[in-house]
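Participant: Have a look at the structure that comes next, please.
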Amino acid sequence: MIVIFSRLRSFFVALVSFLLAVLLVVGVYAQTANTTFRITISAASLAVSIVDASGTAVDTPLVTFGDVVRVSDCMTATATLGETTQRIRVTNPGASDSGWKLSIAANATTSLWESQGDSSKQFDFNDVGDSSSLGCSDLSSSGDTDSVGGQLTIDPSVATLAGVNSVGTTGISKGSTASFAEGTLDSIDLLTAGSNSLNFGAWELQGVGLSQKIPASQDVANDYQLTLVLTVTAQ
Amino acid sequence: MFRARIGLLWLLSAGFFVSSSFSGFAFALEYDGVGGQPAYFRSDVPKSKHIFLHTLSPGQVQEEGIIVHNLDSSGSDKVILIHGVDTVHSSGGGVACAQVLDTQNEVGSWIAFETNEVIIPALGKEKVPFTITVPEGVSAGEYNGCVVIQEKKDVQGSGLSLSTRVGLRVAITVPGVLHREIVAPSVVMHTQDDGDFSFQVSGTNTGNVSVTTEVSLKTRSLITGLLVSEQGGGYPVYRGKTQRWNFVLEKPFWGGPYLVTTQISYGSSDDSVYDVVLKASNIFLFVFPAPLAIGIEVGVLFLIVISLILLRRRRRARRARRARGGARTTRVGRGE
Numbered sequence: 001m002i003v004i005f006s007r008l009r010s011f012f013v014a015l016v017s018f019l020l021a022v023l024l025v026v027g028v029y030a031q032t033a034n035t036t037f038r039i040t041i042s043a044a045s046l047a048v049s050i051v052d053a054s055g056t057a058v059d060t061p062l063v064t065f066g067d068v069v070r071v072s073d074c075m076t077a078t079a080t081l082g083e084t085t086q087r088i089r090v091t092n093p094g095a096s097d098s099g100w101k102l103s104i105a106a107n108a109t110t111s112l113w114e115s116q117g118d119s120s121k122q123f124d125f126n127d128v129g130d131s132s133s134l135g136c137s138d139l140s141s142s143g144d145t146d147s148v149g150g151q152l153t154i155d156p157s158v159a160t161l162a163g164v165n166s167v168g169t170t171g172i173s174k175g176s177t178a179s180f181a182e183g184t185l186d187s188i189d190l191l192t193a194g195s196n197s198l199n200f201g202a203w204e205l206q207g208v209g210l211s212q213k214i215p216a217s218q219d220v221a222n223d224y225q226l227t228l229v230l231t232v233t234a235q
Numbered sequence: 001m002f003r004a005r006i007g008l009l010w011l012l013s014a015g016f017f018v019s020s021s022f023s024g025f026a027f028a029l030e031y032d033g034v035g036g037q038p039a040y041f042r043s044d045v046p047k048s049k050h051i052f053l054h055t056l057s058p059g060q061v062q063e064e065g066i067i068v069h070n071l072d073s074s075g076s077d078k079v080i081l082i083h084g085v086d087t088v089h090s091s092g093g094g095v096a097c098a099q100v101l102d103t104q105n106e107v108g109s110w111i112a113f114e115t116n117e118v119i120i121p122a123l124g125k126e127k128v129p130f131t132i133t134v135p136e137g138v139s140a141g142e143y144n145g146c147v148v149i150q151e152k153k154d155v156q157g158s159g160l161s162l163s164t165r166v167g168l169r170v171a172i173t174v175p176g177v178l179h180r181e182i183v184a185p186s187v188v189m190h191t192q193d194d195g196d197f198s199f200q201v202s203g204t205n206t207g208n209v210s211v212t213t214e215v216s217l218k219t220r221s222l223i224t225g226l227l228v229s230e231q232g233g234g235y236p237v238y239r240g241k242t243q244r245w246n247f248v249l250e251k252p253f254w255g256g257p258y259l260v261t262t263q264i265s266y267g268s269s270d271d272s273v274y275d276v277v278l279k280a281s282n283i284f285l286f287v288f289p290a291p292l293a294i295g296i297e298v299g300v301l302f303l304i305v306i307s308l309i310l311l312r313r314r315r316r317a318r319r320a321r322r323a324r325g326g327a328r329t330t331r332v333g334r335g336e
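Residue numbers (the working numbering), protein chains in the order written: chain Y, 1 to 235; chain F, 1 to 336.
Here's what the structure looks like:
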């Protein structure tokens, strides 16, 4: 008798819970009975962006090099591309299942670091330079078309690659350290994803090393600027 | 049976509630920027979904199109620039999309857009037609370029300003004698500052078309025979290029001797799949164990030695007891 009563009680408790759940859902839907749901799913496209720690796109991303004191010797300024607040994010929403490549280059091979206040103050980013000046002076014989020295080195091997929302990084390899050389090396690979990389996901790269050689006694200015372009290419 | 029915009822009510509660949400990966994809997918060429692939004779004109997307969900219109560009040398040994401001001498100059600038509303898209014209006198082989899409923006501030763009590869094959060959597979190992090992695998394309390769780098323990790491993937090697790929092997915790084997596979023709296998020299690697691993290994060794000593002592004691027991029996038997 006790057993039957216990089973009946369990049955009624479960039944009441089920009815309550149904009533709750019906109630919610009743309130929104006239709402039309509409979802737009944009077509898949490979993308690269600079985002902050919360994943929001940074409107005007900028890398600032450490200050350099003007001396009569070759100078080197360093910086980091892909700070915590400016991460490089590549998104592949199934847009390139045979792999992709992320590379970086200046917006023209003939670009120069140029003072915004005085355009006559310039130095180069892709001149291999004369070995006697530690690679800081102009070396036109190397194929460089301008008359100023300076070279930018990018080292993605020291960077950290991580998948957004713990997406795996299998099949994605970081590039090696390399220096721009006009006509010989105009683009530097940051990441290469093979066909075995995940076809759907987003990845963030942080901490790419930058090192810029500046010619000896370069004109003083606090507003030198160069534009680099990050390109993600479907392979 | 009765309990099962009650359980089912519980499950039903819970499942109904949970599924109803979440039905209004859509899980999506959010990102901003611009993007594009080929407008015309050909089912017989799967890659045409992502890149532009054509076989065109000299003088032939190909009608094409790209669907340009404004992926910005913030609700603002974007002015998007679209251009055809050449490829330039890239640090990995391959190629990358050239810059719009540079002079286009090859595929970049073969591409002509009706318009290079479109305004697209947030989350909108637009098909932009273009043509690819192969000039007369171009020799047989594959030629690569890119269609690049970039948002038009003013550069601000001082320092290194960054802009982003998306490139879609344009691969044009001019028919004739096409040669596919990868040579000189090699692998070079370096020990990193953090103790991990980096491997740079390379292969050279001596043909006149790009070759899709399958690169494999395997690390096997010579003590256990187990595969501790397998890396690689499928990567294109462009004509005339020596492509390099970097892989990192985390320092094996337990240490010991390891053998690293590397191979590059590719198809000798369009129809064959990875029928040519090239092997680079094997690398023998001895890894010193991590400090904790040494501690554990020494500890285990110590336990084994102690166990053996104890076991030996026990056996000796047992043997001695048996010997004493035997002697007593002999004495009892003799009536002493």
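Ideal placement from N, C-alpha and C gives every residue a C-beta, glycine not left out.
(1) Would Leu308 (chain F) be called buried (16 or more neighbouring beta carbons within 10 Å of its own) or exposed?
(2) Is Phe284 (chain F) buried or exposed, if buried means 16 or more other CB atoms sit within 10 Å of its CB?
(3) Using DSSP with H/G/I as helix, E/B as strand and the rest coil, what is Asn205 (chain F)?
(4) Reducing DSSP to helix, strand and coil, say where Gly295 (chain F) ends up.
(5) How is Leu110 (chain F) classed by DSSP in three states: helix, strand or coil?
(6) Residues in its own chain within less than 6 Å of Gln349 (chain F) by CB, not counting five upstream and five downstream?
(7) Any chance the CB of Arg316 (chain F) is under 7 Å from a heavy atom of the ligand MN?
(8) Can you list, in chain order, the residues of the segment 197 to 215 of chain Y whose Cβ is nearer than 9 Å to any Cβ on chain F?
(9) By the three-class DSSP mapping on this structure, what secondary structure does Leu311 (chain F) have?
(10) May I ask you to verify whether the segment 223 to 236 of chain F touches the segment 188 to 206 of chain Y, counting CB pairs closer than 8 Å and requiring at least 3?
(11) Which residues in the same chain have their Cβ closer than 6 Å to the Cβ of Ser187 (chain Y), if we skip the five residues on either side of it in sequence?
(12) From Leu311 (chain F) to Leu301 (chain F), what distance separates their C-alpha atoms?
(13) On a CA-only basis, which of F:Val118, F:Gly195, F:Asn205, F:Ser109 is nearest Gly94 (chain F)? Give me that one, please.
(14) Could you confirm whether any beta carbon from chain F is found closer than 8 Å to the beta carbon of Gln116 (chain Y)?
(15) Going by beta carbon distance, what residues of the same chain come within less than 6 Å of Gly75 (chain F), once the five residues before and after it are set aside?
(16) Since Asn126 (chain Y) meets chain F, which of its residues come closer than 7 Å, beta carbon to beta carbon?
(17) Consider the Cβ of Ser173 (chain Y): report whether some Cβ of chain F lies at a distance smaller than 8 Å.
(18) Run through chain F and tell me which residues come within less than 9 Å of Leu139 (chain Y), C-beta to C-beta.
(19) Going by beta carbon distance, what residues of the same chain come within less than 7 Å of Ala234 (chain Y), once the five residues before and after it are set aside?
(20) Rounding to the nearest angstrom, what Cα-Cα distance links Gly176 (chain F) and Gly195 (chain F) in this structure?
(21) Helix, strand or coil for Arg165 (chain F) per DSSP?
(22) Looking at the C-beta of Asn144 (chain F), does it have a partner C-beta in chain Y at a distance below 8 Å?
(23) Would you say the segment 250 to 259 of chain F touches the segment 288 to 301 of chain F, given that touching needs at least three Cβ pairs under 8 Å?
(24) Mark Ser91 (chain F) as exposed unless 16 or more other C-beta atoms lie within 10 angstroms of its C-beta, in which case mark it buried.
(25) Name the chain Y residues that come within less than 7 Å of Asp102 (chain F), Cβ to Cβ?
(26) Taking 8 Å as the CB-CB limit, is Leu12 (chain F) close to chain Y?
(27) Use the C-beta contact count for His190 (chain F): other C-beta atoms within 10 angstroms, 16 or more gives buried, fewer gives exposed.
(28) With 16 other CB atoms within 10 Å as the buried threshold, where does His69 (chain F) fall?
(29) Under the rule that 16 or more other beta-carbon atoms within 10 Å means buried, what is Pro291 (chain F), buried or exposed?
(30) Do you know how far the Cα of Arg313 (chain F) is from the Cα of Arg321 (chain F)?
(31) Within the same chain, show all residues whose beta-carbon is closer than 6 Å to that of Arg220 (chain F), passing over the 5 residues directly before and after it, in chain order.
(32) Report the partner residues of Val215 (chain F) according to the DSSP bridge assignment.
(33) Flag Ser142 (chain Y) as yes if its beta-carbon sits less than 8 Å from any beta-carbon of chain F, otherwise no.
Facilitator: So, from the data block:
(1) Sequence index remark: in the second sequence, residue 308 (chain F) carries index 308 (1-based). That one is exposed.
(2) As a position in the second sequence, residue 284 (chain F) is number 284, starting the count at 1. Its Cβ having fewer than 16 others within 10 Å, Phe284 (chain F) is exposed.
(3) Residue 205 (chain F) sits at position 205 when you count from the first residue of the second sequence. Residue state, collapsed to three classes: strand.
(4) Taking the second sequence and counting its residues from 1, one reaches residue 295 (chain F) at position 295. In the structure shown, Gly295 (chain F) sits in a helix (DSSP, three-state: H, G or I).
(5) Reading the second sequence from its first residue, position 110 is the one you call residue 110 (chain F). The sequence shown places Trp at residue 110 (chain F), rather than the Leu named in the question. Trp110 (chain F): helix per DSSP, three-state reduction.
(6) The question about residue 349 (chain F) has no answer, for chain F in this structure spans 1 to 336.
(7) Ligands are entirely absent from the displayed structure, and the ligand MN is therefore not among its contents.
(8) Ser197, Phe200, Gly201, Ala202, Leu210, Gln212
(9) For the purposes of this step, residue 311 (chain F) is identified with residue 311 of the second sequence, where counting begins at 1. It is helical.
(10) yes
(11) For the purposes of this step, residue 187 (chain Y) is identified with residue 187 of the first sequence, where counting begins at 1. Result list for Ser187 (chain Y): Ser103, Ala105, in chain order.
(12) Here residue 311 (chain F) refers to the residue found at position 311 of the second sequence. Here residue 301 (chain F) refers to the residue found at position 301 of the second sequence. Each residue's Cα considered, the two are about 15 Å apart.
(13) By 1-based counting over the second sequence, the position of residue 94 (chain F) is 94. Cα-wise, what sits closest to Gly94 (chain F) is F:Asn205.
(14) Here residue 116 (chain Y) corresponds to residue number 116 of the first sequence, with the count starting at 1. Closer than 8 Å: yes.
(15) Locating residue 75 (chain F) in the second sequence gives position 75, counting from the first residue. The residues are Ala122.
(16) What you label residue 126 (chain Y) is simply residue 126 of the first sequence in a count that begins at 1. Correct list: empty, because the minimum Cβ distance to chain F is about 11 Å.
(17) The residue given as residue 173 (chain Y) occupies position 173 in the first sequence. It does: the Cβ of Ser173 (chain Y) has a partner Cβ on chain F nearer than 8 Å.
(18) Translated into positions along the first sequence, residue 139 (chain Y) becomes position 139. By Cβ distance, chain F contributes nothing, its closest Cβ being about 18 Å from Leu139 (chain Y), past 9 Å.
(19) Taking the first residue of the first sequence as position 1, residue 234 (chain Y) is located at position 234. Correct list, in chain order: Leu46, Ala95, Ser96, Trp100.
(20) Looking up residue 176 (chain F) in the second sequence gives position 176. Looking up residue 195 (chain F) in the second sequence gives position 195. Taking the straight line from one Cα to the other gives about 50 Å.
(21) Taking the first residue of the second sequence as position 1, residue 165 (chain F) is located at position 165. If DSSP states are grouped into helix, strand and coil, Arg165 (chain F) belongs with the strands.
(22) On the second sequence, position 144 is the one that residue 144 (chain F) refers to. Not closer than 8 Å to any Cβ of chain Y, the Cβ of Asn144 (chain F) fails to qualify, so no.
(23) yes
(24) Numbered from its first residue, the second sequence carries residue 91 (chain F) at position 91. Looking at its Cβ environment, which holds 16 or more other Cβ atoms inside 10 Å, Ser91 (chain F) is buried.
(25) Your numbering for residue 102 (chain F) matches position 102 in the second sequence. Ala108, Thr109, listed in chain order.
(26) Numbered from its first residue, the second sequence carries residue 12 (chain F) at position 12. Since pLDDT at Leu12 (chain F) reaches only 45, below the 50 mark, its modelled position is unreliable, and the value read off the structure follows with that caveat. At least one chain Y Cβ lies under 8 Å of Leu12 (chain F).
(27) If you number the second sequence from 1, residue 190 (chain F) lands on position 190. Label assigned to His190 (chain F): exposed.
(28) Counted from its first residue, the second sequence places residue 69 (chain F) at position 69. Buried.
(29) Reading the second sequence from its first residue, position 291 is the one you call residue 291 (chain F). Per the 10 Å Cβ criterion, exposed.
(30) Position 321 of the second sequence, counted from the start, is the residue given in the question as residue 321 (chain F). Position 313 of the second sequence, counted from the start, is the residue given in the question as residue 313 (chain F). Cα to Cα, Arg321 (chain F) sits roughly 12 Å from Arg313 (chain F).
(31) Taking the first residue of the second sequence as 1, we reach residue 220 (chain F) at position 220. Cβ within range, chain order: Leu227, Leu259.
(32) For the purposes of this step, residue 215 (chain F) is identified with residue 215 of the second sequence, where counting begins at 1. Note: Val215 (chain F) sits in a beta bridge opposite F:Gly233, F:Ile264.
(33) The residue you call residue 142 (chain Y) lines up with position 142 of the first sequence. No, no contact with chain F.
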